[in-house]
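Note that the sequence shown covers residues 14 to 218 in the numbering used here.
Notes for the one structure printed next.
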Amino acid sequence: TGISKFDLSLEVTEAPHGLSCIMEYSTTLFKPETIARLCRHFAAMCGAIAAAPDAALDALQYVGTHERHQLLDTFNATASAYAHDRCIHELFAEQAAATPESIAVSFGTAQLSYAQLHDKCDYLAQYLQSMGIGADDLVGLYMERSLELMVGLMGTLMAGGAYVPLDPDYPQERLAYMLQDTQAKVILTQATFKEQLRELTGPDT
């Protein structure tokens, strides 16, 4: 009929010379080049299985040398020149001024523009400075990966301090040692971990 019954289907039949494959796909969902690449990968996988039938699946190669180079090298050639005499928070401030509406950070479905992130970091930096944080002072970040963690990192640097990452998933003994060893003047956390942090540092925290 010329119309695919499913979004993507593959029909494989035995033929005198081997296997015959017909792939049908929805043209509203897939581009021809995407399907062509999928077919190449499938054919390469079948060839790898035939050549090494006892090999584990994760050991089979289905990406050719050229495409592997493209994926690992060409697409990852993202190096760019930057001022080596500037701190990262200074470079961030310059970027925020240059492209305020561009997306600076994403986490899950949430995201912040450079302007939004800079405002939050600047607010935190001023708060930390009001708490006495300055050069050579350590700030603990008792947080999980999140947008708040990024604000904590950059805000601490903008205040002039240095951050100490404290992963809530670390063993309690390790966290207790890190807190004792670093003597962080301020510890930032999220509401989820307030009680957990209080158990580590005491009720007066």
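Don't be surprised by glycine CBs; every beta carbon is placed ideally from N, CA and C.
Collapsed DSSP secondary structure at residue 88 in the structure displayed: It is coil, neither helix nor strand.
Say whether the region 161 to 175 touches the region 130 to 141, bearing in mind that this needs 3 or more beta-carbon pairs closer than 8 Å, one atom from each stretch. Flag = yes, the region 161 to 175 and the region 130 to 141 touch.
Which stretch, first to last residue, makes up the beta strand (DSSP E) that contains residue 59? It is not in any beta strand (DSSP E) - residue 59 instead sits in the alpha helix (DSSP H) that spans 45 to 64.
CB-CB under 7 Å to residue 124, same chain, minus the five flanking residues each way: which ones, in chain order? The residues are 116 and 118.
Can you tell me whether residue 34 is helix, strand or coil according to DSSP? Looking at residue 34 - three-state DSSP - the assignment turns out to be strand.
Straight-line CA distance for residue 212 to residue 163? Spanning the two alpha carbons is a distance of roughly 25 Å.
Neighbourhood of residue 100 by C-beta distance below 8 Å, restricted to the same chain and skipping five residues each side: So the list reads 170, once near-sequence residues are dropped.
Assign residue 200 to one of two classes, buried (16 or more other C-beta atoms within 10 Å of its C-beta) or exposed (fewer than that). The residue in question, residue 200, is buried, as its Cβ has 16 or more Cβ neighbours within 10 Å.
Helix, strand or coil for residue 10? Go by DSSP, reduced to three states. Residue coverage of the chain in this structure runs from 14 to 218, which leaves residue 10 outside it and unanswerable.
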